[in-house]
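Number of protein chains: 2
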Amino acid sequence: MKTHTESEENYIKALYHLGGGRPVSNGDLAQRIGAKGSSVTQAVRRLGQKDLVNVVPYKGVQLTPQGIRLAKSILRKHRLWETFLVDKLGFGWEEVHPLAEQLEHIQSEELVDRLFQFLGSPKHDPHGDPIPERDGQMPPVLGQPIGAFTAGTEIRIVRVEDAGSEFFDQLDTMNINLGNTYEIRAISAFDSSVELGSSAGTFWLSQNMCANIYAVQS
Amino acid sequence: MKTHTESEENYIKALYHLGGGRPVSNGDLAQRIGAKGSSVTQAVRRLGQKDLVNVVPYKGVQLTPQGIRLAKSILRKHRLWETFLVDKLGFGWEEVHPLAEQLEHIQSEELVDRLFQFLGSPKHDPHGDPIPERDGQMPPVLGQPIGAFTAGTEIRIVRVEDAGSEFFDQLDTMNINLGNTYEIRAISAFDSSVELGSSAGTFWLSQNMCANIYAVQS
DNA sequence: AATAAGGTTTAGCTTTGCCTAAAATAAAAG
DNA sequence: CTTTTATTTTAGGCAAAGCTAAACCTTATT
Numbered sequence: 002m003k004t005h006t007e008s009e010e011n012y013i014k015a016l017y018h019l020g021g022g023r024p025v026s027n028g029d030l031a032q033r034i035g036a037k038g039s040s041v042t043q044a045v046r047r048l049g050q051k052d053l054v055n056v057v058p059y060k061g062v063q064l065t066p067q068g069i070r071l072a073k074s075i076l077r078k079h080r081l082w083e084t085f086l087v088d089k090l091g092f093g094w095e096e097v098h099p100l101a102e103q104l105e106h107i108q109s110e111e112l113v114d115r116l117f118q119f120l121g122s123p124k125h126d127p128h129g130d131p132i133p134e135r136d137g138q139m140p141p142v143l144g145q146p147i148g149a150f151t152a153g154t155e156i157r158i159v160r161v162e163d164a165g166s167e168f169f170d171q172l173d174t175m176n177i178n179l180g181n182t183y184e185i186r187a188i189s190a191f192d193s194s195v196e197l198g199s200s201a202g203t204f205w206l207s208q209n210m211c212a213n214i215y216a217v218q219s
Numbered sequence: 002m003k004t005h006t007e008s009e010e011n012y013i014k015a016l017y018h019l020g021g022g023r024p025v026s027n028g029d030l031a032q033r034i035g036a037k038g039s040s041v042t043q044a045v046r047r048l049g050q051k052d053l054v055n056v057v058p059y060k061g062v063q064l065t066p067q068g069i070r071l072a073k074s075i076l077r078k079h080r081l082w083e084t085f086l087v088d089k090l091g092f093g094w095e096e097v098h099p100l101a102e103q104l105e106h107i108q109s110e111e112l113v114d115r116l117f118q119f120l121g122s123p124k125h126d127p128h129g130d131p132i133p134e135r136d137g138q139m140p141p142v143l144g145q146p147i148g149a150f151t152a153g154t155e156i157r158i159v160r161v162e163d164a165g166s167e168f169f170d171q172l173d174t175m176n177i178n179l180g181n182t183y184e185i186r187a188i189s190a191f192d193s194s195v196e197l198g199s200s201a202g203t204f205w206l207s208q209n210m211c212a213n214i215y216a217v218q219s
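Residue numbers (the numbering used here), protein chains in the order written: chain A, 2 to 219; chain B, 2 to 219.
So this is what it looks like as structure tokens:
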């Protein structure tokens, strides 16, 4: 696998995030990258010449199989580094994203393999997102939104969406972490907020919170 | 402290390596960086505008106090990452340099501090080189070349020079590691090679090997 | 079907960072 | 003290990546 610039890798990552294998519009990509449309046009042309994307002018850009492979390898690195930062260095989950964004560009297969081992061959990162395997396979995406369960169910938190630092702060102050278990006490018919109970007591979660917290029955 | 490009940081690092605080010639710098003289002229001009170096055309370039501070902070990161790669991920010392060269550009004070703690606040890296402190202080440079001791002395290996991968390979095959202790059995008057002894037996080290291995009396 | 609106691309400019070839300067040799 | 040699700097190019403004497609509206 050849070597790519950070900018190229960022475009590939954005493309994967926005479309997976499907076409993405210039505008959406520009927004995601934080650049102007004209810059994006140029950038995707470069990527096209490297066979990482297919470009249809005025229509959209689409990752090639090669591009998808690259995207996954970057995502793998990103999530492994996040795991390292949280599990080993004790960072909070809201802090790790920008750091992982730098670390994901480090080029070394060997390093990734060793890091993976060092972390205990994790399948999911600290947010519960699946870490792509070496060969590109994806572990399952875990859980369903809390609101999808029925009252009385015992649940375990397995994943949280990246919904901005305020969301993470809120999780911290409410002391909600991956692995925590609760009983669903009630679901409001009025605003879909949810009452959770544990040995420590009970509390209500707003609909907006619930939508970004995923759990499994336990 | 502002943010710098990787190229800038590489120049600063090279300048520090070659001259510390003293002036360095365009040519030496070019050689070290692996670029042409004309590129160097441009680059140092840019650094000059950021007050990281003082440039006297046709004479030489010299780090400013600011530049020295930056150089040390990069070196600190480099050596901490090398320590991480060897101590935690199990890399061999000959493999870590190019990786640390990438990792040293990661920008985050917090990350460096946490890494430092995680590694047990090391004073020296896996080669025995001093790791600059947070405030720029330098721990002592350890040891003297093996040939400087007299026969009969008990020594402990504390540092090895970065003398290329063949040198490291040789160390590996001879099973020589930092912390190993030996008795100096003899020093050849003919070629300055040295006979070392341990519980495992005795062996001879060439003058070239000795020159790159540093030890203290123990 | 004609046109207005919105999104996309082209054209042309900027900076970083490297290159080659030519000019300028410093240092060494006569 | 002049000349040769070696080093350094200027001049002019090129590629990556971004920008603005203008031109160009698509699509949606009349």
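Beta carbons: idealized from backbone N, C-alpha and C, even for Gly.
List, from N- to C-terminal side, the alpha helix (DSSP H) runs of 4 residues or more that fit wholly inside the segment 127 to 194 of chain B. For the segment 127 to 194 of chain B, whole alpha helix (DSSP H) runs of length 4 or above, ordered along the chain, are 166 to 174.
Taking only beta-carbon atoms, is Gly35 of chain A less than 8 angstroms away from chain B? It does not: the Cβ of Gly35 of chain A has no partner Cβ on chain B nearer than 8 angstroms.
Integer Cβ distance of Thr65 of chain B from Val54 of chain B, believed to fall under 8 angstroms: Sure, about 6 angstroms apart at Cβ, within 8 angstroms.
Whole angstroms are fine: how far does the CA of Asp192 of chain B sit from the CA of Gln208 of chain B? When rounded, the distance between both Cα atoms is 7 angstroms.
Is the beta carbon of Leu86 of chain B less than 8 angstroms from the beta carbon of Val97 of chain B? Note that the C-beta distance between Leu86 of chain B and Val97 of chain B is below 8 angstroms.
On the three-pair Cβ rule with 8 angstroms, is the segment 108 to 124 of chain A touching the segment 167 to 179 of chain A? The segment 108 to 124 of chain A, when compared against the segment 167 to 179 of chain A, does not touch it at the 8 angstroms Cβ threshold.
Short CB-CB distance (under 8 angstroms) between Gly153 of chain A and chain B: So no, Gly153 of chain A is outside the interface.
With C-beta atoms as the reference, is Pro133 of chain A less than 8 angstroms away from Leu76 of chain A? It is a contact, given that the beta carbons lie within the stated cut-off.
Rounded straight-line distance, which links the Cα of Met139 of chain A to that of Lys60 of chain A: So the two alpha carbons sit approximately 29 angstroms from each other.
Can you tell me whether Gln108 of chain B is helix, strand or coil according to DSSP? Here DSSP, grouped into helix, strand and coil, assigns Gln108 of chain B to coil.
Terminal residues of the alpha helix (DSSP H) in which Trp94 of chain A lies: It is not in any alpha helix (DSSP H) - Trp94 of chain A carries neither H nor E in the DSSP assignment.
Could you pull out every residue in the same chain whose Cβ sits closer than 7 angstroms to the Cβ of Gly137 of chain B, ignoring the five residues on either side in sequence? Non-local C-beta neighbours of Gly137 of chain B in its own chain, meaning closer than 7 angstroms and more than five positions away in sequence, comprise Arg70 and Lys73, ordered along the chain.
Residues that Phe204 of chain B bridges to, as DSSP identifies them: Bridge partners of Phe204 of chain B: B:Leu197.
Examine chain A for any beta-carbon lying closer than 8 angstroms to the beta-carbon of Leu120 of chain B, and answer yes or no. No, no contact with chain A.
So with CB distances below 8 angstroms, who are the chain A contacts of Leu116 of chain B? By Cβ distance, chain A contributes Leu90.
Report buried or exposed for Val127 of chain A, applying the criterion of at least 16 other Cβ atoms within 10 angstroms of its Cβ. Reading off the sequence shown, one finds Pro at residue 127 of chain A, where the question assumed Val. By the neighbour-count rule (16 or more Cβ atoms within 10 Å), Pro127 of chain A is buried.
So, helix, strand or coil for Ala216 of chain B, using DSSP? In the three-state scheme derived from DSSP, where H, G and I count as helix and E and B as strand, Ala216 of chain B is classed as strand.
Three-way DSSP call (helix, strand, coil) for Gly28 of chain B in this model: Gly28 of chain B: helix per DSSP, three-state reduction.
Can you name, in chain order, every residue of its own chain whose Cβ lies under 7 angstroms from the Cβ of Ala15 of chain A, other than the five neighbours on each side? Within the same chain, and ignoring the five residues on either side of Ala15 of chain A in sequence, the residues whose Cβ sits closer than 7 angstroms to its Cβ are Leu30, Arg33 and Ile34.
Closer than 8 angstroms by C-beta to Arg23 of chain A: which residues in its own chain qualify, once you throw out the five before and the five after it? Chain order, please. Beyond the five residues adjoining it in sequence on each side, Arg23 of chain A comes within less than 8 angstroms, by CB distance, of Gln63 in the same chain, given in chain order.
Which word fits Val57 of chain A, buried or exposed, when buried means at least 16 other C-beta atoms lie within 10 angstroms of its C-beta? Here Val57 of chain A is exposed: its Cβ has fewer than 16 other Cβ atoms, across all protein chains shown, within 10 Å.
Ignore the nearest five residues each way along the sequence and tell me which others in Ile147 of chain B's own chain have a CB closer than 6 angstroms to its CB. Hits under 6 angstroms: Val195, Cys211, Ile214 and Ala216.
When the Cα atoms are used, what is the spatial distance from Gly38 of chain A to Gly28 of chain A? CA-CA distance, Gly38 of chain A to Gly28 of chain A, rounds to 6 angstroms.
Using DSSP with H/G/I as helix, E/B as strand and the rest coil, what is Leu64 of chain B? Strand.
Ignore the nearest five residues each way along the sequence and tell me which others in Gln108 of chain A's own chain have a CB closer than 8 angstroms to its CB. Setting aside the 5 residues that flank it on each side, Gln108 of chain A is surrounded in the same chain by Thr4, each with a C-beta closer than 8 angstroms to its C-beta; the list follows chain order.
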